[in-house]
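Numbering (the working numbering), first residue to last: 236 to 353.
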Ligand SMILES: [Zn+2]
C-alpha cells in the first residue's frame, strides 16, 4: 500500500512539475529582489554606511569559499548547513543576517560558528 502511495505521489509531482518549478523560480527571484532592496535601504549599525549590493556579494563570496573548503576537506560527508550571514559591511566588516518575513537585516552577534560571525 505504501508503495502505491509513493508512486502516486511521484506521478503527481512529475505532472505538477511544469507548474511547481516556474513558481519556485519566481519565488526565489522575489526573495533575492527583496533582499537587494533591503540591503540598499539598510545602514550599518557600526559605521552608518548603506550596506548595498556589495555587502551581499561579499557575504556570498565568503559563504561559497566556506562551503567549498568544507566539502574539499571532508569528502564523502553530507552537510546540512544553515547560513546565518547574508550581508557583510564592506566598510567595517559587521555581519548581518536577513529576516525574510520582516524584510530586513539584523546584526549577527559573534559566535564560534565558521561563516557566521568573526
Ligand atoms: Zn559598517
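Just so it is clear, CB atoms sit at the ideal spot from N, CA and C, and this is done for glycine as well.
Beta-carbon contacts of residue i that lie in its chain and below 7 Å, excluding the five residues immediately before and after
i           : result
residue 305 : 314
residue 194 : Residue 194 lies beyond the stretch modelled for the chain, which goes from 236 to 353, so this question has no answer here.
Close-in-space but distant-in-sequence residues of the same chain around residue i (CB under 8 Å, 5 per side omitted)
i           : result
residue 271 : 288 and 291
Residues bridged to residue i (per DSSP)
i           : result
residue 289 : Beta-bridge pairing links residue 289 to no other residue.
residue 322 : 331
residue 314 : Note: residue 314 sits in no beta bridge, so no partner.
residue 278 : 285
residue 342 : 331
Residue j beta carbon less than 8 Å from that of residue i
i           : j           : result
residue 329 : residue 281 : yes
residue 284 : residue 278 : yes
residue 378 : residue 325 : Only positions 236 to 353 of the chain appear in the structure, and residue 378 is not among them; the question remains open.
Distance between beta carbons of residue j and residue i, contact taken as under 8 Å
i           : j           : result
residue 262 : residue 274 : Contact flag wrong, Cβ pair sits at about 19 Å.
Same chain only: Cβ atoms within 6 Å of residue i, ignoring 5 sequence neighbours per side
i           : result
residue 254 : none
### Task
Evaluate contact between the stretch 263–273 and the stretch 293–305, counting only Cβ atoms and requiring at least three cross-stretch pairs below 8 Å.
Too few Cβ pairs lie closer than 8 Å, so no.
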